[in-house]
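J.: Chains as they are written, first to last, in the numbering used here: chain A, 154 to 507; chain B, 3 to 289.
One structure, pasted below without further comment.
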Amino acid sequence: MAKITLQHVKHSYLPHPAQPQDYALQEVDAVWSDGGAYALLGPSGCGKTTLLNIISGLLTPSEGRVLFDDDDVTDIATTERHIAQIFQFPVVYDTMSVFDNLAFPLRNRGVAEDKVKLRVNEVAAMLDLDDSLRRRASGLTADGKQKISLGRGLVREDVNVIMFDEPLTVIDPHLKWLLRSKLKELHQQLGITMIYVTHDQTEALTFADRVLVMFEGTVVQVGTPVDLFERPEHTFVGHFIGSPGMNILPCEIQGGAALFAGNVLRTASSLPTKDSERIEVGVRPGFVRFDDGGFAVEIVNVEDLGRYKIVVVAHGGSTIKMIVDEDIQIPSENPRISFDPNHTRLYADGWVVE
Amino acid sequence: MDKTTNQKAWLFVIPVVVLVAFNALIPLMTVVNYSVQETFGDNVFFWEGVKWFEQVLNSDRFHASFLRQLAFTGMILAIEVPLGIAVALSMPRKGPWVSVCLVLMALPLLIPWNVVGAMWNIFALPDTGLLGRMINGLGIEYNFTQQPVAAWMTTVVMDVWHWTSLVVLLAYAGLCSIPDAYYQAAKIDGASSWAVFWRIQLPKLKRVLTIAILLRFMDSFMIYTEPFVLTGGGPGNTTTFLSIDLVKIALGQFDLGPAAAMSLIYFLIVLLLCWVFYTLMMRGEDR
Chain A
154 MAKITLQHVK
164 HSYLPHPAQP
174 QDYALQEVDA
184 VWSDGGAYAL
194 LGPSGCGKTT
204 LLNIISGLLT
214 PSEGRVLFDD
224 DDVTDIATTE
234 RHIAQIFQFP
244 VVYDTMSVFD
254 NLAFPLRNRG
264 VAEDKVKLRV
274 NEVAAMLDLD
284 DSLRRRASGL
294 TADGKQKISL
304 GRGLVREDVN
314 VIMFDEPLTV
324 IDPHLKWLLR
334 SKLKELHQQL
344 GITMIYVTHD
354 QTEALTFADR
364 VLVMFEGTVV
374 QVGTPVDLFE
384 RPEHTFVGHF
394 IGSPGMNILP
404 CEIQGGAALF
414 AGNVLRTASS
424 LPTKDSERIE
434 VGVRPGFVRF
444 DDGGFAVEIV
454 NVEDLGRYKI
464 VVVAHGGSTI
474 KMIVDEDIQI
484 PSENPRISFD
494 PNHTRLYADG
504 WVVE
Chain B
3 MDKTTNQKAW
13 LFVIPVVVLV
23 AFNALIPLMT
33 VVNYSVQETF
43 GDNVFFWEGV
53 KWFEQVLNSD
63 RFHASFLRQL
73 AFTGMILAIE
83 VPLGIAVALS
93 MPRKGPWVSV
103 CLVLMALPLL
113 IPWNVVGAMW
123 NIFALPDTGL
133 LGRMINGLGI
143 EYNFTQQPVA
153 AWMTTVVMDV
163 WHWTSLVVLL
173 AYAGLCSIPD
183 AYYQAAKIDG
193 ASSWAVFWRI
203 QLPKLKRVLT
213 IAILLRFMDS
223 FMIYTEPFVL
233 TGGGPGNTTT
243 FLSIDLVKIA
253 LGQFDLGPAA
263 AMSLIYFLIV
273 LLLCWVFYTL
283 MMRGEDR
């Protein structure tokens, strides 16, 4: 096991990248401490898998170094990095039994057969695969196959990190939940570093202690699920996480105050000091409330979800979403709203102003 | 539960039935007709029962050409399948060379059978052909029109030249359809390249190889034009395969009865062997 450090890692799939757009992965610096449960969250094509493959050694980064503890492994082959990776589509060796599948990584490394047997049985017990050890792997269902993929990572005792590349994509919804709890349980039991790549915020936020949010090849925020929700550092994090996402509204700075459509806002941010092209204000729907002291809006739509309602209101050409508890009355005449100043932040060119 | 009966559906089947009847069933029944009767022309027939079948099955000539056929098919399968897989494995998976390789591979398949036979005939002639002159120039006595071994080798090499590409193209398509994740997982599991071939590539190729083997088996078992143009079945009868023999009996000697009986036996053998191949290759597939 080891701490994983990425130093100034950049990657381009082109042979001679010139502009920033040529890079699938913009400069990334990150540290994954030993034994943590991490998630890499972002939309498709944001560079998650590239980053994962750089850690596992399936890709060599165009620039930058990868360190396991203090050893530079950038140029070391996958096999010698002692990592395990589980892919989106379950990989099993069709002609082999479940037992032989699980034993494969050990046998390839010349482990003695009695040791192999011991480890395989242990791992099979952890994954509830004991009953199907003798079966042919090709006959299993998708979740069974995915467990085998996971098992092949777990049998090796020298694994530094287990990486999951959207492992639940092909699993039935009701089994997803079971498999996810299993992963969480294994993490607590074994204390192996796990990195979980997904575009599904529920998966990321329930699995991980720390989440890295990626957007267009850049890590935009690293933090606990609570951090991501309460203090988004980038507008992308704001609207990608949370359902519905954060309201991001155009904003102007005039006379030392932040103005939204002419209304002065109190925010948790100081005023931006640098010149920025674009100033926005972000507030989560849960922190917008009806308030007679606020500014007037027009109600566009009310969606009743049972325990709460999602109310869409319009003001000054922008729409604002708000989450309203079921017992709160929606004013029928002259509705006015305000934002909670502690959870309203200014964003300059997408990045939060502290 | 009441089922709706709707006889109109038959209307949609009729065109196919008519087509199959005219291009397969009726000709086949004509052959059956000939195989159980004797005719001296003018549509006069005499009933002969299974006499022609007995005659064919007991004839040494049929046994000999059947054995030659088995030997030929066995040889070309034993060469073309492994060679085809090997070539497919060494072809590039991406880049500008892919299309070059594919076109090169497809070229022999585009040449008509009789042209292939003629090409190899001219190519291998001992006195004027490039290949024949070269082999003789190396001090090896080679004359495929007179030496049975030379005739056989030339026929086999010609078939390998003509048809290995088919196996290559099918195997290549099979290899390309294996997702990268398999290779990546194998890397992570520390698999050797032999293990990758044996545990990933070959199992994943099983289906396309079944098709390749079936196609090559049927084609080579019914081969006619190429050896006919190359060697004419000779020297002597040494390269007279089943279909060449059949044509000799039917059109050379005009023995329509025995020829018809032989056709049916030939057909049943191909059918039986295909079934055996298919069953063996698909064993344990649907578990």
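For glycine and all other residues, C-beta sits at the position ideal for the given N, C-alpha and C.
Quick check: A:Ile473 and A:Leu402, are their CB atoms within less than 8 Å of each other?
T.: yes
J.: At the 8 Å Cβ level, is A:Gln238 part of the contact set with chain B, yes or no?
T.: Interface residue, yes.
J.: Using the beta-carbon of each residue, which ones in chain B are nearer than 8 Å to A:Met347?
T.: Those within 8 Å of A:Met347 in chain B number zero; the least Cβ separation is about 15 Å.
J.: What did DSSP end up calling B:Asn116 once you bin it into helix, strand or coil?
T.: helix
J.: I'd like the list of long-range same chain contacts for B:Met283, defined as Cβ closer than 6 Å, with 5 residues on each side in sequence excluded.
T.: Excluding five sequence positions before and after B:Met283, the CB atoms of its chain that fall closer than 6 Å to its own CB belong to Thr212, given in chain order.
J.: For A:Lys201, count the other beta carbons within 10 Å of its own beta carbon; 16 or more makes it buried, fewer makes it exposed. Which is it?
T.: Result: buried.
J.: Along the chain, where does the alpha helix (DSSP H) containing A:Glu383 start, and where does it finish?
T.: It spans Pro378 to Glu383 - the alpha helix (DSSP H) in which A:Glu383 sits, taken as one unbroken run.
J.: Could you check the C-alpha separation between A:Leu331 and A:Gln342 for me, to the nearest Å?
T.: 16 Å
J.: Find the nearest neighbour of A:Gln563 within the set B:Val158, B:Asp191, B:Gln9 and B:Gly259, judged by alpha-carbon distance.
T.: Outside the displayed span of chain A (154 to 507) sits residue 563 of chain A, for which this structure offers no information.
J.: Is the CB-CB distance between B:Ala173 and B:Ile267 below 8 Å?
T.: no
J.: At what residues does the alpha helix (DSSP H) containing B:His164 begin and finish?
T.: Pro150 to Cys178
J.: If you drop the 5 nearest sequence neighbours on each side, which residues of the same chain put their C-beta closer than 6 Å to that of A:Ser291?
T.: Asp247
J.: List the residues of chain A that B:Gln186 touches, going by C-beta distances under 9 Å, in chain order.
T.: Asn206, Ser209, Leu211, Thr231, Gln238, Phe240 and Val244
J.: List the endpoints of the continuous beta strand (DSSP E) containing B:Phe74.
T.: Counting along the chain, B:Phe74 falls outside any beta strand (DSSP E), though it belongs to the alpha helix (DSSP H) covering Asp62 to Ser92.
J.: Starting from A:Asn254, follow the alpha helix (DSSP H) in both directions and report where the run begins and ends.
T.: Val251 to Asn261
J.: So which of A:Glu430, A:Glu433 and A:His392 has the shortest CA-CA distance to A:Met367?
T.: A:His392
J.: Give me, in chain order, the residues of the same chain whose beta-carbon lies closer than 8 Å to that of B:Arg289; leave out the 5 immediate sequence neighbours on both sides.
T.: Legend: pLDDT at B:Arg289 = 44, less than 50; position of this residue unreliable, no value from coordinates given.
J.: Using 8 Å as the Cβ pair cut-off and three pairs as the minimum, do the stretch 368-387 of chain A and the stretch 476-490 of chain A touch?
T.: no
J.: Starting from A:His327, follow the alpha helix (DSSP H) in both directions and report where the run begins and ends.
T.: Pro326 to Leu343
J.: Give the residues of chain A in contact with B:Arg285, contact being defined as C-beta atoms less than 8 Å apart.
T.: Chain order gives no chain A residues near B:Arg285, where near means a beta carbon separation below 8 Å; the closest approach is about 12 Å.
J.: Among B:Val272, B:Val278, B:Leu274 and B:Gly259, whose alpha-carbon lies nearest the alpha-carbon of B:Val33?
T.: Per the C-alpha coordinates, the member of B:Val272, B:Val278, B:Leu274 and B:Gly259 positioned closest to B:Val33 is B:Gly259.
J.: Exposed or buried, which one is A:Asp311 when buried takes at least 16 other CB atoms within 10 Å?
T.: Exposed, by the Cβ-count rule.
J.: What span of residues does the beta strand (DSSP E) with A:Ile315 cover, start to end?
T.: Val314 to Asp318
J.: Quick one: residues in its chain with C-beta nearer than 8 Å to the C-beta of A:Arg363, no 5 flanking neighbours on either side, listed in chain order?
T.: Gly189, Ala190, Tyr191, Ala192, Val375, Gly376 and Thr377
J.: For B:Leu168, count neighbouring C-beta atoms within 10 Å of its own C-beta (all shown protein chains included) and say buried if the count is 16 or more, exposed if not.
T.: Around the beta-carbon of B:Leu168, 16 or more other beta-carbon atoms lie within 10 Å, marking it buried.
J.: For B:Ala108, return the contacting residues in chain A, with the cut-off set at a CB-CB distance below 8 Å.
T.: Within chain A, no residue comes near B:Ala108; the closest Cβ sits about 30 Å away, beyond 8 Å.
J.: Please decide whether B:Pro94 counts as near chain A, where near means a Cβ-Cβ distance under 8 Å.
T.: no
J.: So, at 7 Å on beta carbons, what are the nonlocal neighbours of A:Asp222 in its own chain, with the 5 sequence-adjacent residues on each side left out?
T.: Within the same chain, and ignoring the five residues on either side of A:Asp222 in sequence, the residues whose Cβ sits closer than 7 Å to its Cβ are Ala155 and Lys156.
J.: Given a cut-off of 8 Å on the beta-carbon distance, is the pair B:Trp306 and B:Ser37 in contact?
T.: Since the first residue of chain B shown is 3 and the last is 289, residue 306 of chain B is not available in this structure.
J.: Using a Cβ-Cβ cut-off of less than 7 Å, give me the residues of the stretch 260-284 of chain A that come near chain B, in sequence order.
T.: Asn261 and Arg262
J.: Who are the neighbours of B:Ala183 on chain A, taking C-beta pairs under 8 Å?
T.: Phe240, Gln241, Phe242 and Val244
J.: What residues of chain B sit near A:Pro258, judged by a beta carbon separation below 7 Å?
T.: Simply Asp191 and Gly192.
J.: For the ligand NAD, is there any heavy atom lying closer than 7 Å to the beta carbon of B:Val58?
T.: Annotation note on the ligand NAD: not contained in the displayed structure, which lists no ligands.
J.: Quick check on the DSSP output: the alpha helix (DSSP H) that includes A:Ser209 runs from which residue to which?
T.: That run of the alpha helix (DSSP H) goes Lys201 to Ser209.
J.: What residues from chain A crowd round B:Pro205, counting only those whose CB sits closer than 8 Å?
T.: Tyr246, Asp247 and Thr248
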